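Taking my numbering, the leading residue of the sequence shown gets 23, the next gets one more, and so forth.
Quick reminder that beta carbons are idealized off the backbone N, C-alpha and C, glycines included.
Predicted model, so just to flag it, every value in this text is computed and none were measured.
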Amino acid sequence: MQTLFRNPLAEPYLLGVSGGAGLLALIGMAAGLAWPWVSALAFAGSLLALALAAALGGRLLARDHTPLLLAGVMLAAGFGALIALVLSVTPAERLPGMLFFLMGDLAWTGQPALLWAALLLAVAAALGLSRRLDVLQLSPLKAASLGVAVAPTRWTLFALAGACTSLVVAQAGSIGFVGLMVPHALRKLGFAGHRALLPACALAGGSLLVLADALARTVIEPRELPVGVLTALLGVPMMLWLLRRP
23 MQTLFRNPLA EPYLLGVSGG AGLLALIGMA AGLAWPWVSA LAFAGSLLAL ALAAALGGRL
83 LARDHTPLLL AGVMLAAGFG ALIALVLSVT PAERLPGMLF FLMGDLAWTG QPALLWAALL
143 LAVAAALGLS RRLDVLQLSP LKAASLGVAV APTRWTLFAL AGACTSLVVA QAGSIGFVGL
203 MVPHALRKLG FAGHRALLPA CALAGGSLLV LADALARTVI EPRELPVGVL TALLGVPMML
263 WLLRRP
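Structural data, given as structure tokens:
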């Protein structure tokens, strides 16, 4: 996402994916549906957000990514308002589960084989794009002059990042800061080329998530914190420390 938008603040939820997933998942929870149906609704909401972002801002993606970026930001704001509306009219006894989903919770993740398969396919597909990503981060004009098909590459990145994010949010809710912070930390450690950066992000991001989940389950035991709270508490100081480094 950071390469697609050439923006250091870009992260997986930028296109409103988490908002779309959260809205339909909360509606399912408010209706009393079982978790498999809630997860399916979350996945459908993510795909809906991606489709709306592509329809609203993807027309000029071959030349300019800004309309797609703005469409994603506006969709995220709209979904956020609808989520607040759903929370405000939901009975109080159902609110804790909803809030845990919005802040991320690995307790609901029950299909590791599906996630492993998706991870391997996503890393393989991303590695196939690694050389084009290295050139694309310079500028679209330079990339085109060097033979990179800019528009198809951007659409492939958009679809790949969106599909991965949709699947993860449907399984574990919205867990922030991992996709924003980990690439910056690895670049500071010397992982510049995407052929090394992409698999390193998968390993480091997963490791950070496991650490945050372990802390979430033990820091105020027997109660459990949402894992998204811990990733933010770990990510904010680390990101500020990275910004201070030359």
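Going straight from the alpha carbon of residue 26 to that of residue 104, what length do you get?
28 angstroms
According to DSSP, is residue 201 helix, strand or coil?
Helix.
For residue 60 and residue 191, which I take to be in contact (beta-carbon distance under 8 angstroms), what is that distance rounded to the nearest angstrom?
Not quite, the Cβ-Cβ distance comes to about 12 angstroms (not below 8 angstroms), so this is no contact.
What is the rounded straight-line gap between the Cα of residue 274 and the Cα of residue 183?
Past the edges of the chain, shown from 23 to 268, lies residue 274, and the structure says nothing about it.
Residue 239 to residue 251, Cα distance in whole Å?
12 angstroms
Extract the residue ranges of the beta strand (DSSP E) inside the segment 104-182, only unbroken runs of 3 or more that lie entirely within it.
none
Look at residue 172 and residue 221 and say whether their C-beta atoms are less than 7 angstroms apart.
no
Give me the Cβ distance between residue 254 and residue 199, rounded to the nearest whole Å; I'm assuming they're in contact under 8 angstroms.
That pair is a contact at about 5 angstroms.
Count the other CB atoms, across all protein chains shown, that sit within 10 Å of the CB of residue 170; report buried if there are 16 or more and exposed otherwise.
buried
Are the Cβ atoms of residue 94 and residue 48 separated by less than 7 angstroms?
Not a contact, by the Cβ cut-off of 7 angstroms.
Which one of 160, 237, 70 and 177 has the shortest CA to CA distance from residue 45?
70
Please report the residue range of the alpha helix (DSSP H) in which residue 241 lies.
That residue, residue 241, is in no alpha helix (DSSP H); it is neither H nor E in DSSP.
So residue 51 is in the alpha helix (DSSP H); what residue range does that whole segment cover?
Start and end: 39-52.
Below 8 angstroms on the Cβ atoms is my guess for residue 202 versus residue 33; work out the distance and round it to an integer in Å.
4 angstroms
DSSP three-state call for residue 281: helix, strand or coil?
This structure leaves residue 281 out entirely; the chain is present only between 23 and 268.
When DSSP labels each residue in this structure, what does residue 23 get in the three-state scheme?
coil
From this set, 121, 62 and 116, which residue's C-alpha is nearest residue 247's C-alpha?
Ranking the options by Cα distance to residue 247, first place goes to 121.
Any beta carbon of chain B sitting closer than 7 angstroms to that of residue 171?
Looking for chain B here will not work: only one protein chain is present.
Just checking residue 61 against the ligand MN - is the residue's beta carbon closer than 6 angstroms to any of the ligand's heavy atoms?
As far as ligands go, the structure on display features none, and thus does not contain the ligand MN.
Rounded to whole angstroms, what is the Cα-Cα separation between residue 165 and residue 188?
29 angstroms
For residue 175, which option in 63, 219, 163 and 154 has the closest C-alpha, if you only look at C-alpha atoms?
154
Just to confirm before moving on: does the CB-CB distance between residue 197 and residue 241 stay below 7 angstroms?
no
Is residue 131 closer than 7 angstroms to residue 194 when the C-beta atoms are compared?
yes
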